[in-house]
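Residue numbering for the sequence shown follows the numbering used here, starting at 130 and increasing by one per position.
A virtual CB, placed ideally from N, CA and C, is assigned to each residue, including glycine.
All of these numbers come straight from a predicted model, not from anything done at the bench.
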Amino acid sequence: MLVRIASGLSAREEPVNSAEALHNICTEASKIALRSERDTGATSVAVTSLQKLTTTYIASLSKPTALQVIRNLALTTARCFRPRAWEPPAAPGMTEEERRIAQAAAASIQTAASRVTGGITEVELAAHTLKACTDALQTMTRGGNLTQDLACSASLVAILKAINNIASESRSLAANVAPQLVQVLSGLLGFGLSLPGPRAKQEGGAGGAASAAAVFVPPHRREKSSPRVGRNARQLSTGGAVDGSASEADGVDDPINASKVRLGALACLQACVRADSSSVHSSWQALFPSYSTPQVFRAAAPPVPLLQRCPSLLGSLLHDPHHKVRSSAAATIAMILEAPSHKKYFAIADNRSSGHRQRQGFTSASETLAQVLLVLHAALLHASAEEKEPAALAACLRTLAIAISVTPYERLRPSTLPADVLVVVAQEVEALAALPPENTGTMLASALTSTAAVLQAQDADGAIRALLTSAASGQAGDSRLPAAPRGVQSLPRTVIDLCSSSSQGYHTRVEGMCALASLAKCHPMVLFDHLNDILALTEAALSGPSPVSPRGMKSPAKSGHQRKPSAGGAPGDSGQDRFAQQTLRVIEYILEALSCTGDMESDTTAGEVAERLAAVHIQSGTGEMLEKVMNVHVRLGMQHPSAMVRSAALACVCALGGTGLTQLTRQTQAFVVSHVTMEARSGTPAATQAAACKALGSIVSSDVLSSSFAQLESIFGTIVGCLTARVGSIKIAAAWSLANACDSVRAAVRRGALPPDQGRALTAVAAAHAVDTAAGNDKVRAHGLRALWHILSLDATQEAPSTHEGRDDRWLVAASQALQTALATGNAKVQWNACLAAGSLLGHPCSAQKGELALKVQMIVQSLLLLLQNSSNMKIRLHAAAAIREARGREVLGDCFLTAVQALINVSRSLDPVLGEDESTLQPFGPDSRAPAQPTIAQDELERGQESHRSLGTLSAQVARTVATLLGWCVVGDARPLRDVLLKRSRMLQGLLVALRDTDDEDNDKQVTLHRISGAATALVAIYASLEEACTRELDIAVCGEARHALQDLVRPAAK
130 MLVRIASGLS
140 AREEPVNSAE
150 ALHNICTEAS
160 KIALRSERDT
170 GATSVAVTSL
180 QKLTTTYIAS
190 LSKPTALQVI
200 RNLALTTARC
210 FRPRAWEPPA
220 APGMTEEERR
230 IAQAAAASIQ
240 TAASRVTGGI
250 TEVELAAHTL
260 KACTDALQTM
270 TRGGNLTQDL
280 ACSASLVAIL
290 KAINNIASES
300 RSLAANVAPQ
310 LVQVLSGLLG
320 FGLSLPGPRA
330 KQEGGAGGAA
340 SAAAVFVPPH
350 RREKSSPRVG
360 RNARQLSTGG
370 AVDGSASEAD
380 GVDDPINASK
390 VRLGALACLQ
400 ACVRADSSSV
410 HSSWQALFPS
420 YSTPQVFRAA
430 APPVPLLQRC
440 PSLLGSLLHD
450 PHHKVRSSAA
460 ATIAMILEAP
470 SHKKYFAIAD
480 NRSSGHRQRQ
490 GFTSASETLA
500 QVLLVLHAAL
510 LHASAEEKEP
520 AALAACLRTL
530 AIAISVTPYE
540 RLRPSTLPAD
550 VLVVVAQEVE
560 ALAALPPENT
570 GTMLASALTS
580 TAAVLQAQDA
590 DGAIRALLTS
600 AASGQAGDSR
610 LPAAPRGVQS
620 LPRTVIDLCS
630 SSSQGYHTRV
640 EGMCALASLA
650 KCHPMVLFDH
660 LNDILALTEA
670 ALSGPSPVSP
680 RGMKSPAKSG
690 HQRKPSAGGA
700 PGDSGQDRFA
710 QQTLRVIEYI
720 LEALSCTGDM
730 ESDTTAGEVA
740 ERLAAVHIQS
750 GTGEMLEKVM
760 NVHVRLGMQH
770 PSAMVRSAAL
780 ACVCALGGTG
790 LTQLTRQTQA
800 FVVSHVTMEA
810 RSGTPAATQA
820 AACKALGSIV
830 SSDVLSSSFA
840 QLESIFGTIV
850 GCLTARVGSI
860 KIAAAWSLAN
870 ACDSVRAAVR
880 RGALPPDQGR
890 ALTAVAAAHA
900 VDTAAGNDKV
910 RAHGLRALWH
920 ILSLDATQEA
930 PSTHEGRDDR
940 WLVAASQALQ
950 TALATGNAKV
960 QWNACLAAGS
970 LLGHPCSAQK
980 GELALKVQMI
990 VQSLLLLLQN
1000 SSNMKIRLHA
1010 AAAIREARGR
1020 EVLGDCFLTA
1030 VQALINVSRS
1040 LDPVLGEDES
1050 TLQPFGPDSR
1060 APAQPTIAQD
1070 ELERGQESHR
1080 SLGTLSAQVA
1090 RTVATLLGWC
1100 VVGDARPLRD
1110 VLLKRSRMLQ
1120 GLLVALRDTD
1130 DEDNDKQVTL
1140 HRISGAATAL
1150 VAIYASLEEA
1160 CTRELDIAVC
1170 GEARHALQDL
1180 VRPAAK
């Protein structure tokens, strides 16, 4: 029957009438082909019959049948490439019969693979098939089994297609074979590149041999041209959009279709990364080879000698003659870099210490990853400079943007790497901007994406700021600084012209505005000379005609004031709306710089932005500029029918802040406040309401609002209403605004702009909501605790508890419970905000009252002591020590007082173990008081570490102040419970008080500090005198006498 099928008779004379019959025939035929190892005739008949059957009955081929055929024929194909054990070693590789078998099997596998789509239910069979295909690939590529001819190419393409289809349908199955498969696929990336084409074969003779032995040069590099500046429309090929095979697109001789093998291998690599991103960890050196040659990152440098002997992803990116393979290699690299696990993996890359120690016999993972990133940057920069195919160039630039986003530049050397990347992408933008828009396609948009990525790259501010500063000085004619490379100096002007050009598509213009937004966010001083152009561009985007679509036709969307808002206020999705949104993002960052608000959600100040402003001398016209921006551009944005544009305009108001709002005219102030309040109360859409609520929290600190009870009452009511929203983004913004509003009220009461009774009336409305927010999830708990801190601090300004009589302070119990829970279970930000609020609670007039509140306060004190002793975060320990110091007196600490004294003395000892052992070693407290004289590698790492390690001296000083405060509350009756710690730490306590006396602290009143030192010394003198009388050991008596006399010196100067 198989003979008749192979002869072509079955399709006409004996059709297969059922799927079951087809399954049985195909299964048996594939088994015969697999088992007939020595009988090539039977194998040929079986494979040929399978080819006829799969071609004729492709629509009736079921998935189990297709999987069975693929499995058996893949192993059969691998057998054709394996040396035959029964023949002499000198026997040739594949016979002509085996070639025909391999080609027929490849055709059947291709047909069967097309049926393995739409989900796989036969999991076990699919797993066996995938494993068989992987084993077949491994057998074919092992040693010298791989023959680079048409039969081998067809077999590899078919098996790779089957693997890709199965892996795409079931990622769990692909994850099982991914590590083994990656090793095999990396060896196929150079398949067919060493073969001479037909033209070389026709030359023959010595010339042909010499051509075959010559070093392979890819076609896209055979014509020398000056990089970047010389690139024009003739150098950029248009073959990227042509359909067909890769060889046809490039015009390269590829007689065996080897490019399809490389494309299939890259597709399977992508499937492996999607299934299990960790599968490439063991193949870093195979995919991204790095040698000991010096790495060069300049644009004019020769290419890095990668992949001249062994295939790899970087070799495919740099040297493959087919642009589709180069594009696919870039896409594969991008997929590897974008994997979530790899983003965290590359974060540990570090090669800073490689020059400080002797070379060892192994390389750490951090150094390996750093070398991978350096070589990857070199390859991508060179590929971006030399690539002529539009599709491949766009893919390289997109991959470069992703590589920039995952690279920790602060831990890589050379430190000028970010600046070198900016030079390359800036020159690329300049070269592409000079071409007609119809010739650039997506290349220009990808180049702008890379520009935005490098401008806001993490830990790259220093190198890029120096480069941009030299560019600004070059424009200003300052010859004191070195001139900036070509492209960087004109980068802002080039991008602004691209965004203003009506001939560019909206996608390119949006990416250009993203680049300007990154520049305005991280380096605003560069754009100050172009403010007028940016404002004109923003006004045109908000009220002018629609931008041009990518096909060169006008967008159907009308201008902002002519279009009707979408149903329900849904955000628009037109290109014009996205472009207008990005223009307002640039305005937002410029407003941050002008009003010096900075990142208001972080704990850092806007000092750096203020320094930049001082450097460019722009403060003189800040008020007029803010008035113009808010009255024209932001007003247009807030009245725009698109929700995304209105949200961006409200973000501009948030960036303006209270300081900027004060500089506006009364009319503009009234419009901004009323419109923001209206948007916050509107309810839809959620993104706009959240942005409006956040804007309220930003401008509430303005003197105009914080001194008006009516306006504050309206703002508090709006914020409290937003706290009840169901959408998480609105609740987060409302919680942040509530904390800012409470802070504004407390500051207004302290400076006398608002009466205290009005301030307490406002915070009474927010107290219950602050408690509820502090008991919520971690995204809002920190803001709720910060609001509690300000509310409690405002109440703590009342000196006598009698003033609180008649007030309902039952909410303090609920607040104490929320604080206790946050101290025990919150994250770092939640815990240090809880410590701040706990300090205000301990200083509250009601904190010493008896009852349930007193028990809660003592439990909070215990939690603070645990954090002070055991927390790994120095900032939390600092706030915990400061919170205990804020207590109104010993009675607030209650039964925890003596425990707190002993714990704080031990903590102070652990922070400074040499304190008090030798009087010559005593130094004042401070951040730099314990710095070593000679820097070491360990100290260098410490300085670049977390801030908790840098604040050790500050923590020591804070603990010392708290110890002095608590010792001042001690009485003679505490001598017995504190006997052991006072005798053991007598000299330490003396040194602590002396060091605290000699410390110059600008944040604390020196007279108050001296008063507390005197109180502590007085209490210790009395206690040591009591201990001296009670002790029986001569050593203890001597210690008490020595301590008492030494502490007398601290009492007398302070008493004077």
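Neighbourhood of Gly-1018 by C-beta distance below 8 Å, restricted to the same chain and skipping five residues each side: Ala-977, Trp-1098
Residue burial classification, Pro-621 (beta-carbon count within 10 angstroms, cutoff 16): buried
Reference Ala-236, options Lys-908, Arg-1173, Arg-540, Thr-184, closest by Cα: Thr-184
Residues bridged to Gly-766 [DSSP beta-bridge criterion]: Gly-766 is not bridged to any residue.
C-alpha distance - Leu-498 paired with Met-988, whole-angstrom precision: 48 Å
Test item: CB-CB of Ile-288 and Thr-206 under 9 Å: yes
Cβ-Cβ separation, Leu-713 to Val-774 (assumed contact under 8 Å), whole Å: 7 Å
Proximity test, Cβ basis, 9 Å: Lys-908 and chain D: Note that chain D does not occur in the displayed structure, where there is just one protein chain.
Range of the contiguous alpha helix (DSSP H) that encloses Phe-657: Counting along the chain, Phe-657 falls outside any alpha helix (DSSP H), and DSSP gives it neither H nor E.
Residues that DSSP places opposite Gly-1097 in a beta bridge: DSSP output for Gly-1097 lists no bridge partner at all.
Where the alpha helix (DSSP H) containing Ser-456 begins and where it ends: 452-467
Distance between Leu-785 and Glu-721 (C-alpha atoms, nearest Å): 6 Å
Cβ neighbour criterion (16 or more within 10 Å) applied to Pro-440: buried
Start and end residues, alpha helix (DSSP H) containing Gly-980: Per DSSP, Gly-980 belongs to no alpha helix (DSSP H) and is neither H nor E.
Burial state of Met-807, where buried means 16 or more other Cβ atoms lie within 10 Å: exposed
Beta carbon of Leu-510 nearer than 9 Å to that of Leu-541: no
Own chain residues within Cβ distance below 6 Å of Leu-1176, not counting five before or after: Ala-1146, Leu-1149, Val-1150
Supposed contact pair Pro-653 and Tyr-718 - C-beta distance, whole angstroms, cut 8 Å: 6 Å
Among Leu-546, Met-767, Met-269, nearest to Leu-584 - alpha-carbon criterion: Leu-546
Option nearest Ala-592 by Cα separation, candidates Arg-880, Ser-544, Trp-961, Thr-797: Ser-544
Classification of Asp-383 by the beta-carbon crowding that lies within 10 angstroms, buried from 16 upward: buried
Residues of its chain near Ser-873, where Cβ-Cβ distance is below 7 Å and the 5 sequence neighbours each way are ignored: Val-829, Ser-830, Ser-835
Outcome for Arg-244 when other beta-carbon atoms lying within 10 angstroms are tallied against a minimum of 16: buried
Residue nearest to Tyr-186 in terms of C-alpha spacing, selected from Leu-204, Asn-201, His-636, Ala-241: Ala-241
CB of Arg-910 within 9 Å of CB of Arg-1014, strictly: no
Residue range of the alpha helix (DSSP H) that includes Asn-568: 566-569
Three-state class that DSSP yields for Gly-319 in the structure shown: coil
Among Ser-284, Lys-192, Asp-264, Ala-562, nearest to Leu-577 - alpha-carbon criterion: Ala-562
Nonlocal neighbours in the same chain, by C-beta distance under 8 Å from Val-553, ignoring five residues either side: Ala-428, Leu-510, Ser-513, Ala-514
Proximity below 9 Å, CB of Ile-861 to CB of Lys-908: yes
Host alpha helix (DSSP H) of Gly-888 (start-end): 885-903
Beta-carbon spacing of Thr-791, Val-833 below 9 Å: yes
Run of the alpha helix (DSSP H) containing Arg-1105, from where it starts to where it stops: Element bounds for Arg-1105: n/a, residue is neither H nor E.
Three-state secondary structure (DSSP) of Gly-787: helix
Segment contact flag, the segment 189-209 with the segment 261-269, C-beta cutoff 8 Å, min 3 pairs: yes
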